[in-house]
Amino acid sequence: YVNELDELNRRLLVRRVVGEQWRPPKVSKVKINFDATFHKQSKKLCSGIMVKDSNGQLLNFKICLNKYIPTAFTVKALVFAQTIQFGLDLGIERVVIEEDSL
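With this note's numbering applied, the sequence shown has no gaps in its numbers, which climb one by one up to 355 at the end.
Structure below.
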């Protein structure tokens, strides 16, 4: 998988620019952040999901690799669904979900 990711990043036509810094959630909540990169020509998607507490401590993470993704719209929908499912699988009830702040 690492070689595939390296190759995808090398061949990407557009690089993502990180603008916003991570901010902690209110006490008694956790924050789930997610981000993704999509290679249109190969229809491959790699997404990362991180769960942090109000102190910024990493509680859990997940990396998802998907193939045969038809469009950029599909990417957003799929990654958001994977993020929600990951939170449910972990039994998280009080959560803030945010994109692009890994």
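Where a beta carbon is used, it is the ideal one built from N, C-alpha and C, also for glycine. Computed from a predicted model, the values in this text were never measured in an experiment.
(1) May I ask you to report which of helix, strand or coil DSSP gives I345?
(2) Under the three-state reduction of DSSP, which class applies to S322: helix, strand or coil?
(3) Alpha carbon to alpha carbon, how far is Q294 from G340? Give it in angstroms, no decimals.
(4) I'd like to confirm the pairing. Which residues does DSSP put opposite T336 in its beta bridges?
(5) In terms of residues, what are the limits of the beta strand (DSSP E) holding N286?
(6) Exposed or buried, which one is N308 when buried takes at least 16 other CB atoms within 10 Å?
Reading from the atomic positions:
(1) The count along the sequence shown starts at 1 and reaches residue 345 at position 92. Reduced to three states, the DSSP call for I345 is coil.
(2) Numbered from 1 along the sequence shown, position 69 holds the residue referred to as residue 322. First, the residue type needs correcting, since residue 322 is Ile and not Ser in the sequence shown. It is coil, neither helix nor strand.
(3) Here residue 340 refers to the residue found at position 87 of the sequence shown. Here residue 294 refers to the residue found at position 41 of the sequence shown. Answer to the nearest angstrom: the Cα atoms are 31 Å apart.
(4) Counting from 1 along the sequence shown, the entry for residue 336 is found at position 83. Note: T336 sits in no beta bridge, so no partner.
(5) Residue numbering aside, residue 286 sits at position 33 when the sequence shown is read from its first letter. Element bounds for N286: 283–292.
(6) For this step, residue 308 is matched to residue 55 along the sequence shown. So N308 counts as exposed.
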